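Taken in order, these protein sequences are the chains called F and E. Our numbering puts the first sequence at residues 10 to 353. Our numbering puts the second sequence at residues 10 to 353. No residue lacks a Cβ here, since even glycine has one placed at the ideal position from N, Cα and C. Keep in mind that this is a model prediction, so the values were computed, not measured. So the structure is just underneath, and the comments pick up after that.
There are 2 protein chains.
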Amino acid sequence: MTASVVLNGATSSTRVSQATHARVVEAAEKLSYRRNAVAHGLSRRRMESIGVVAAIDFGEVNLYFLEGLNGILEESAVHEQITTVYSISDWQKDEQKILQFCDSRVDGMILIAPYFTAEFNEKLPKHTPFVSMHSNYILQNSYNLSVDNEGGAYSIVRHLIEQGHRRIIHLAAPDNLLEAQLRLQGYRRALAEANIAYDANLVIAGEYSSRSGYSCITEMLQVRMPQPFPTAVFCASDTIASGCLDGLYNANLRVPEDISVVGFDDTLMARITSPPLTTVRQPFRKMGRRAVEVLIKMIRGEIDLAQPEQPSDRGTPADAENAMEIFQTELVLRKSVGPPKREV
Amino acid sequence: MTASVVLNGATSSTRVSQATHARVVEAAEKLSYRRNAVAHGLSRRRMESIGVVAAIDFGEVNLYFLEGLNGILEESAVHEQITTVYSISDWQKDEQKILQFCDSRVDGMILIAPYFTAEFNEKLPKHTPFVSMHSNYILQNSYNLSVDNEGGAYSIVRHLIEQGHRRIIHLAAPDNLLEAQLRLQGYRRALAEANIAYDANLVIAGEYSSRSGYSCITEMLQVRMPQPFPTAVFCASDTIASGCLDGLYNANLRVPEDISVVGFDDTLMARITSPPLTTVRQPFRKMGRRAVEVLIKMIRGEIDLAQPEQPSDRGTPADAENAMEIFQTELVLRKSVGPPKREV
DNA sequence: TTACAATGATTTAACGATAAATTTTTTCAA
DNA sequence: TTGAAAAAATTTATCGTTAAATCATTGTAA
């Protein structure tokens, strides 16, 4: 007990004299004592650690995830929180696994790009605070951090239009993803605003991978062969765009001279493709940091989602809307966009 | 107790009847009981979790780290181990932090590319098993997984020589790193074997970043201006190579027509530069998996480094050499190498 | 019937740290 | 010198789980 007070600063009523204090410190030094975090956690009912659940694709390095993770690690280091990464392969298949992770090893969880059903949402343990990032479903009883997908898509398509493009392909993400739907909406809004008719033939949905980008653009060029020939491609992610670039290269189309290409995300990928991609920056790192900030507040009980309304005399009532934050995107101009080529 | 036996399979002498068993299961279901991993860990003195310490550069995404981490996550999922990532910014400055991580929250540690002094090595807690990957120092009382840096460098430089190159720049890594020294040695061995005199003027040491690659190649071209003009560059990493490619592009040198470039690592980077890099593949993922395998054996006491020699009658004595495994590299041929250009 | 398994249920102690309560010792004013 | 407050030291109970021991049934063979 004395040791606990001296070395770990336990807040007991125990008092200890200078002499004893010194003796304890000395003994601890000699034995190179180190507090057992597990026992400490059990006693305090707080492990000072947070969990991150993410579907890291085992087959391919997931840059998207890593940028967010870096933000999380950064911020949790500041708060002296230990970060545990729970890696799953599929949100649907691994539901049981996710529940298992909530075993009081961590005090709260950050879910990166979860893909939930409302039923599963119900099953999440009530005592664990959750923060979601890039969720495809607005989680109940959780704090959601999202990005303005619609606005981001709108702004980059608008940028293409401002450069003179009017025939713009969209290599979309899987259309069961809310994110993908919003990006498509942004694309359509920009077109509508410029009085460009929406042509479903120019939109093709694949998945988030460069392989998919490659095959979709190839199908577009070789099978669909839209007329008049498009002068730009809006890809739903940088990864898709990188595959798209390969496909265009194979088709002997130069970027941006013959055709312009833009991505979405601004991961490392966008900087190292050739040409580097004009894209929409998602503030992954910032969101990761914010996720930790919010989660810690939830753990400390400073944010209570179950109690959306505060006593009326408190001024600004924290309402249910606060359980969601939307981050703005930013247009990043690089070299993959040029003016449209005159008709071939 | 009964619940513990029924639900968690505790190996107590406690016996439970069919009826009680059913009642417990039902109650657990109703309460959606989930074992408290912390209490379990305290009692069993095993958390079923491993820690990974890595210096993730906060400023830039670290692909190198991620590939290894993916292997680790993959394998630890197989063994139902929880993986905690401890991120530090500097191995020297954060020594205290590293010691703090050994707080029995994890049963063992994997160190990715640690940079240790012998004194610090001494301070590592004896009760925690350590496995190092890509260490720049052979850790005592730990299991070291390394890659054949010398051989890898040798093979790729030899490949350049076989293509006809004789004037080969080496953009080296920081020379306080064992790894960098070994790669330089491999470079020299390949040259020596082909009777090419070593020219210190062609070697320039920077650090592992594309910025450094850019500035080193630029200095080489604009300041040192070696004669006869080199026809190839051996970069100590893919990241360096990517910067080098930029520098060459700026200098209006085409790769591989005017000059060939090779890297080391075969991270994602090597696949997406333009042209894609011929490089040396490090089996990151495999090493990550192996690290977990070894660590788990150490935790279970199946590998005991303190006891390198087994009783003589046991056949193959596990000797101290077993505390180290060296992985072979593999040459990956892509598009960044061509025959040397005739003298300009 | 007694004895003795076999079976089921309950209790105790431990993991290491902590909070609070209790006991012991010291200090100092009356 | 006494006595009460202050300081120091010690004890007890708890966190949730587990291992082993003890206790209480039941059934079965002699």
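Here E:Asp112 is actually not in contact with E:Met56; their C-beta atoms are around 10 Å apart, not less than 8 Å. Short of 6 Å from the beta carbon of F:Arg44, and not among the five residues preceding or following it, lie these beta carbons of its own chain, in chain order: Asn17.
For the C-beta of F:Asn45, the chain E residues within less than 7 Å are, from N- to C-terminus, Asp112 and Ser113.
About 15 Å separates the beta carbon of E:Ala162 from that of E:Tyr217, a gap too long to meet the 8 Å contact definition.
Within chain F, no residue has its beta carbon less than 8 Å from that of E:Ser151; the closest one is some 18 Å off.
E:Ser283 reaches chain F at Thr282 and Ser283, counting residues in chain order whose Cβ is nearer than 8 Å. Using a Cβ-Cβ distance cut-off of 8 Å, the segment 26 to 42 of chain F and the segment 73 to 83 of chain F are not in contact, since fewer than three pairs of beta carbons, one from each stretch, lie closer than that value.
A straight-line Cα-Cα distance of about 32 Å links E:Leu277 and F:His174.
At least 9 Å separates the CB of F:Leu340 from every CB of chain E. Flagged as an interface residue toward chain E: F:Ser251, by a C-beta distance shorter than 9 Å.
Interface annotation for the segment 157 to 190 of chain F against chain E: empty, criterion Cβ-Cβ distance under 7 Å.
The beta carbon of E:Met296 does not come within 9 Å of any beta carbon belonging to chain F, so the residue lies off that interface.
Per DSSP, the unbroken beta strand (DSSP E) holding E:Thr92 starts and ends at Ile91 to Ile97. At a cut-off of 9 Å between beta-carbon atoms, E:Leu82 makes contact with chain F. At a cut-off of 9 Å between beta carbons, F:Asn71 contacts chain E. Our two residues, F:Ile97 and E:Gly77, have alpha carbons roughly 16 Å apart in a direct line. F:Ile165 sits in a helix when the DSSP states are folded into three classes. For E:Thr92, the chain F residues whose C-beta falls within less than 9 Å of its own C-beta are Thr93, Val94, Tyr95 and Ser96, listed in chain order. Only those residues of the segment 33 to 60 of chain F whose C-beta falls short of 8 Å from the nearest C-beta of chain E are listed: Ser41, Arg43, Arg44, Asn45, Ala46, Val47, Ala48, Gly50, Leu51, Met56 and Ser58. Residue environment analysis places F:Thr338 among the buried positions, since at least 16 neighbouring C-beta atoms fall within 10 angstroms of its C-beta. Taking C-beta atoms as the reference points, E:Asn158 and E:Glu188 count as a pair closer than 9 Å.
Taking E:Asp99 as reference, the option from E:Phe74, E:Asn71, E:Ala64 and E:Thr92 with the minimal CA-CA separation is E:Ala64. Counting only runs of 4 or more residues that sit fully inside the segment 181 to 240 of chain F, the alpha helix (DSSP H) segments are 187 to 202 and 219 to 228, in chain order. Taking a contact to require three or more Cβ pairs closer than 8 Å, the segment 220 to 233 of chain E and the segment 251 to 264 of chain E qualify as touching. Within 10 angstroms of the beta-carbon of E:Thr126 lie fewer than 16 other beta-carbons, which makes it exposed.
A distance below 9 Å separates the beta carbons of F:Asn150 and F:Leu314. Within the same chain, Cys111, Gly117 and Met118 come within 7 Å of F:Thr137 by CB-CB distance, once the 5 residues on both sides are set aside.
Burial state of F:His88 is exposed, judged by a 10 Å Cβ sphere holding fewer than 16 other Cβ atoms.
Spatial neighbours of E:Arg298 in its own chain (CB-CB distance under 8 Å, excluding positions within 5 residues in sequence) are listed in chain order as Gly80, Ile81, Glu83 and Glu84.
Judged by beta-carbon spacing, F:Ser13 lies beyond the 9 Å limit of F:Ser22, meaning their Cβ atoms are not closer than that value. Listed along the chain, the chain E residues whose CB falls inside 8 Å of the CB of F:Ile65 are Asn79 and Leu82. At a cut-off of 9 Å, the C-beta of F:Pro134 has a neighbouring C-beta in chain E.
Apart from sequence neighbours up to five positions away, the residues of its chain that approach F:Lys306 with a beta-carbon distance below 6 Å are Ile312, ordered along the chain. Contact between E:Ser58 and E:Thr93 is confirmed by a C-beta separation of about 6 Å, below the 8 Å threshold.
Interface with chain F (9 Å Cβ-Cβ cutoff): E:Met278 is included.
Residue pairing by DSSP puts E:Asn153 in a beta bridge opposite E:Ser141 and E:Met333.
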